[in-house]
Structure formats: structure tokens, C-alpha cells
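Engineer:
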Ligand SMILES: Cc1cc2nc3c(=O)[nH]c(=O)nc-3n(C[C@H](O)[C@H](O)[C@H](O)COP(=O)(O)OP(=O)(O)OC[C@H]3O[C@@H](n4cnc5c(N)ncnc54)[C@H](O)[C@@H]3O)c2cc1C
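Residue numbers (full-length UniProt numbering): 1 to 289.
1) The beta strand (DSSP E) with residue 70 in it runs from where to where?
2) What span of residues does the beta strand (DSSP E) with residue 303 cover, start to end?
3) Could you tell me the boundaries of the beta strand (DSSP E) in which residue 27 lies?
4) State the DSSP-derived secondary structure class of residue 154, mapped to helix, strand or coil.
5) In this structure, how does DSSP classify residue 62 when only helix, strand and coil are distinguished?
6) Say the cut is 7 Å; is the CB of residue 253 nearer than that to a heavy atom of ligand 1?
7) List, from N- to C-terminal side, the alpha helix (DSSP H) runs of 4 residues or more that fit wholly inside the segment 230–260.
8) May I ask you to verify whether the segment 23–35 touches the segment 103–120, counting CB pairs closer than 8 Å and requiring at least 3?
9) What does the Cβ neighbour count give for residue 286, buried or exposed, with the cut at 16 atoms within 10 Å?
10) Where do the ends of the alpha helix (DSSP H) carrying residue 285 lie?
11) Measure the C-alpha to C-alpha separation of residue 180 and residue 158 and round it to an integer number of angstroms.
12) In the DSSP assignment, what residue or residues form a beta bridge with residue 160?
13) Is residue 106 near ligand 1, in the sense that its beta carbon is under 7 Å from a heavy atom of that ligand?
14) Taking all protein chains shown into account, decide if residue 273 is buried (16 or more other Cβ within 10 angstroms of its Cβ) or exposed.
15) Any idea if residue 203 is buried or exposed, counting beta-carbon neighbours within 10 angstroms, 16 or more meaning buried?
16) For the alpha helix (DSSP H) that contains residue 104, what are its first and last residues?
17) Rounded to a whole number of angstroms, what is the C-alpha to C-alpha distance between residue 127 and residue 246?
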């Protein structure tokens, strides 16, 4: 077994110097919730870089234009940031529902993306919002990638997550279904970003996790809402589209019957949450019948 050496750089310049000086494999650790607690242990050799002490890697900037979130920002900080919640409530909500308090205090957005679990809670929101990642490669150079083009395990450091202002829509929501409240890995999670005015949907973007190895955009469900009036007929079409999305994503899987049923309840909660309505309103109850 090879030896692992550990480095804890204090700033980006030190990290880049480590990249330049290291020939063997490099692995990162941030909050360690996936790597240590969930026991996805680091490789048996090479350099393990602790990201938690790098100055300026944990930040949220949401004042205007693009939203920027440092790669080592904790999930708890994302859940608690009022400015971020005002502009993209779905991301704050996804963060608030991620694991327990202890997990949220350690877990980072970069780790959530790089660990790439099919049910990772931040990913559907990031995908629906068209997130881009500023990554630093082993050559020390920065490059920007669409979140969909990021492949874990290729040695890129996720330095920051960029949510382009042009991709943010005024209404958003995130809901998940897990085996237990507060400490549950999602069995299904779904995020929606939408325009909505005078009872009428404009542009709609929806992504779901745990329907495949990575989050999926749900185009049938988007089309069912986009440009339509909010009424029970629209919601019924939306629910049919959601079940069709499940059938297309996981045909023949053991979980198909369960998820095609579960996604309809989640879908109604999602629309109600995004628009600040109660899912008990008649409109939603009629659609569910
Ligand atoms: C009990 C428990 C409950 C959980 N509940 C949830 C939940 O409800 N929802 C959910 O989504 N997740 C959940 N998780 C998973 C986990 O907490 C998240 O995925 C977390 O965001 C990972 O972040 P981290 O900083 O702890 O990653 P680490 O464990 O430090 O690293 C995970 C992986 O990401 C890589 N990495 C870390 N940071 C970077 C970076 N900046 N750039 C490139 N690579 C990087 C590491 O090399 C490693 O491969 C849970 C985990 C546990 C143990």
C-alpha cells in the first residue's frame, strides 16, 4: 500500500504550488462527510489536500448579477444565507434539507457536486439553474465548465459554483422524499424554477435526482407547465408528465411503481411551495383526484 501525505494549504497560491510540485495522484477532502463518515476512503497513496483551511474558498456572493458560491462553502452557510434565499429559495431549501445539523455544518457544496451521488440534494437545483463551475486543473489553470460537463475523479478542484443571473427565475422550490426526516438520503428529489405572473406560468425548468446516475432535466414536465394557466387541468397534465418521466427514466426498475406514484405528490408540493400556496388548496386537491 502506498503512503498518503496530507497538506492543508492556507491559500490558493499554496494549493497551485502543490499541484505544480506533485507528480502522483491528488485527492481533496473538504467536510469529510462523504469521504470519512460515509467511509468512501481516500486512495491508498498520493497527496490528500485538505480544502477546509483555504482562505476565500468559503463565500457566498448574491448581491446582483450572477450568484457565486465558493467550493468549500458549507451546506449550513447556504441554508442560512438570506440573500441567496431571496434570489434562489430552492437552493437554500435543498441545503436546509441536506442531512442533519452536524452534517450540514461540515458538508460543502464542492463535495456534494464531486461526490456526485444520484440523490445528492443540491444537484437538481444547480442543474435546473444552469450552474457553471470554476475548476482548477492540475496545470494550475482555471476553466469554467457547465455542471453537466463536470466529471468527478478527473482531478479538477471545484473552486466556485456560478449561478448565472440570466438563468435565475423569480420562483423556485425544492422538495424531497426520504425514508426519514432530517437525516435522510433522498429517494427522490426535485427542483423547479419558474416565471409566474397573473396566474400564468412563463418559462419553467425542472430537474430531479434519484432517477438515474445523475440529475435529469424533465422536459415533458416543463412543457406541461410552461405558458399555461395555473388550474387543476394544467396540474393534472403536469402530474401525467411527471409519471411519464419516471417511466422513461427507470423502466422495469423495482422502484418504478413507487416513484411514479410518489412523484405526483412531490410535484404538487413543488408547485405549491414555489408559488407560496398551500398544497391543501382546492386547486391541488382537485388535480390529485
Ligand atoms: C449521515 C449522512 C447524511 C447525509 N445526508 C445527505 C443528504 O440528505 N443530502 C445530500 O445531498 N447529501 C447527504 N450526505 C452526503 C454528504 O454530506 C454531501 O455529499 C456533502 O455535501 C459532501 O461534502 P463534503 O465537503 O463533506 O465532501 P468530502 O467528504 O470532503 O468529499 C467528498 C468527495 O468530493 C471531493 N471534493 C470535495 N470538495 C471538492 C472540491 N472543492 N473540488 C473537487 N472535489 C472535491 C472529495 O475528493 C471526495 O471525493 C450525507 C452524508 C452522511 C454521512
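Glycine included, each C-beta is placed from N, C-alpha and C at the ideal position.
Structural biologist: Looking at the atomic coordinates:
1) Within the chain shown, the letter at position 70 stands for residue 70. 67–70 is the extent of the beta strand (DSSP E) around residue 70.
2) A question about residue 303 goes unanswered here, because the residues of the chain that appear run from 1 up to 289.
3) Counting from 1 along the chain shown, the entry for residue 27 is found at position 27. Taken as a continuous stretch (DSSP letters only), the beta strand (DSSP E) holding residue 27 covers 26–29.
4) If you number the chain shown from 1, residue 154 lands on position 154. Coil.
5) For the purposes of this step, residue 62 is taken as residue 62 along the chain shown, with counting starting at 1. Coil, per DSSP.
6) For the purposes of this step, residue 253 is taken as the residue at position 253 of the chain shown. No, ligand 1 has no heavy atom inside 7 Å of this Cβ.
7) 232–249
8) yes
9) If you number the chain shown from 1, residue 286 lands on position 286. The residue is exposed, with fewer than 16 neighbouring Cβ atoms inside 10 Å.
10) Counted from its first residue, the chain shown places residue 285 at position 285. Unbroken alpha helix (DSSP H) run through residue 285: 282–288.
11) Here residue 180 refers to the residue found at position 180 of the chain shown. Here residue 158 refers to the residue found at position 158 of the chain shown. Confidence in residue 180 is poor, its pLDDT being 49 and thus under 50, which makes the residue's placement unreliable; the coordinate value appears in the next sentence. Going from the Cα of residue 180 to the Cα of residue 158 covers about 30 Å.
12) Mapped onto the chain shown, residue 160 falls at position 160. 70 and 134, per the DSSP bridge assignment.
13) Locating residue 106 in the chain shown gives position 106, where the first residue counts as 1. Flag set: Cβ of residue 106 near ligand 1.
14) Numbered from 1 along the chain shown, position 273 holds the residue referred to as residue 273. Burial call: buried.
15) By 1-based counting over the chain shown, the position of residue 203 is 203. The Cβ neighbour count for residue 203, taken over all protein chains shown within 10 Å, is under 16; the residue is labelled exposed.
16) By 1-based counting over the chain shown, the position of residue 104 is 104. It spans 101–106 - the alpha helix (DSSP H) in which residue 104 sits, taken as one unbroken run.
17) Within the chain shown, the letter at position 127 stands for residue 127. Within the chain shown, the letter at position 246 stands for residue 246. Looking at the two C-alpha atoms, the distance is approximately 18 Å.
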